[in-house]
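Residue numbers (mature numbering (1 follows the signal peptide of the UniProt record, and there is no 0)): -19 to -1, 1 to 321.
All remarks here apply to the structure that follows.
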Amino acid sequence: MKKIALAMVAATAVFASNAAYNYEITPTIGGVHPEGNLRVKDHNFVGIRAARNLEDFFFDQVELGVDYSQKLKERTGNVVREGRALRYHANLVKNIVDFGPVSLYGLIGAGYEDVPAIFVKNEDGGFGQYGLGLRYQVTDRFALKAEARDAIKFEHADHNLFYSLGFGIGLDSKAAPVVAAAPAAAPVVAAAPAPVLDDDNDGVPNDIDQCPNTPAGVVVDERGCEKVIVLRDLDVNFAFDSYKVGPKYAAEIKKVADFMGEHPDYKVVLAGHTDSVGAEAYNQKLSEKRAKAVAEVLAGYGVEKAKISTVGYGELKPIATNKTKEGRAQNRRVEATFNK
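Have a look at this one:
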């Protein structure tokens, strides 16, 4: 028995804004290389950052952070002064380019530096900063980060170079929305057709049948050929690292439900797929979640759950290259096949 294929292809931006969580916390550790005229020695710091992922916005993330240095030393002449320092800052983060599971991002922000009162060359004050970082998405809730920032003091335009390592931890989950089932349309009763010759009994008269001798049980279109429903390159999108099915895609999934209603003896298999970004085991689970998310919406349109089955193939069956953003977008999809 031949199958009827359905491809729901994803196309979306890649970064934390489309991650499986809204909020992220990142402990950090690193060092500071001050400009020479500040008379401050290189020193270490520990820090913490709290971030909110953004959607439908130019920047992908907004974050607040604080860095703490235990031993900050200033030398003026033969005198060495030592104390603690705190730096508070806020940043906007933007993804620049992706290399598989690794993302290059940039940031811009501002902050305030609280230095020891005994210092002579350094005083409390504000600063602006910019920087670059690399983010490696290990799992759906854990990422490694390496970052470099140039902090420029507002008062004398002195520079401090910050370099750090951190690990981002997702704090919550985005729930898949529940799409209400649309009311069933009133059935249309068609008039009985006049007797015609139809040798292959596919419902299409011989004089307009372009595919004679169709096997029994195959659903055909108005030409008498096997009916294939292909929903490709439509607005049925899965965000990177997400299995959320948005309400605006309900009409596309309803086409599948309508087909099932027209052919009650058919069953449907929903197969989830991902691109190659991230760990293979994680992508396998994500593909299963995507298929199940579509299955829930399909059941909401009245399709019996007993007629719906799901399977995930992870990154094993790409239909395009994973080396480009466009190719990865085609690979993030759910396919449906129908059979008796």
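Cβ coordinates follow ideal geometry from the N, Cα and C atoms, glycine included.
From a predicted model like this one, the values you see are computed outputs, not experimental measurements.
Host alpha helix (DSSP H) of residue i (start-end)
i	result
residue 3	Residue 3 -> no alpha helix (DSSP H), and no H or E assigned at all.
residue 311	306 to 312
residue 42	First-last for residue 42: 42 to 57, but that is the beta strand (DSSP E), not the alpha helix (DSSP H).
residue 88	It is not in any alpha helix (DSSP H) - residue 88 instead sits in the beta strand (DSSP E) that spans 83 to 95.
residue 240	231 to 243
residue 277	261 to 281
Proximity below 7 Å, CB of residue i to CB of residue j
i	j	result
residue 106	residue 134	yes
residue 280	residue 288	no
residue 108	residue 132	yes
residue 363	residue 84	With the chain covering -19 to 321 only, the question about residue 363 has no answer from this structure.
residue 186	residue 180	no
residue 41	residue 74	yes
residue 92	residue 70	yes
residue 25	residue 17	no
residue 45	residue 31	yes
residue 226	residue 317	no
residue 259	residue 82	yes
residue 55	residue 21	yes
residue 303	residue 257	yes
residue 27	residue 49	yes
residue 201	residue 271	no
residue 294	residue 120	no
residue 14	residue 142	yes
residue 347	residue 94	Coverage of the chain is limited to positions -19 through 321, which leaves residue 347 absent and any answer about it impossible.
residue 238	residue 284	yes
residue 255	residue 276	no
residue 90	residue 72	yes
residue 118	residue 124	yes
residue 321	residue 247	yes
residue 183	residue 205	yes
Residue range of the unbroken beta strand (DSSP E) whose run includes residue i
i	result
residue 300	Premise fails: residue 300 is in no beta strand (DSSP E) and is neither H nor E.
residue 25	24 to 34
residue 66	60 to 80
residue 293	289 to 293
Bridge partner(s) assigned by DSSP for residue i
i	result
residue 131	111, 142
residue 191	According to DSSP, residue 191 bridges with nothing at all.
residue 248	320
residue 360	Given that the chain is displayed from residue -19 to residue 321, the structure contains no residue 360 and the question cannot be resolved.
residue 14	142
residue 149	124
residue 106	94
residue 186	Note: residue 186 sits in no beta bridge, so no partner.
residue 21	55
Chain D within 7 Å of residue i, Cβ atoms only
i	result
residue 113	Structure shown: chain D not included; a single protein chain is present.
The ligand MG heavy atom lying under 6 Å from the CB of residue i
i	result
residue 116	As for the ligand MG, it is missing from this structure, which has no ligand bound.
I want to know whether the region 141 to 150 touches the region 4 to 19 - three or more CB-CB distances under 8 Å. yes
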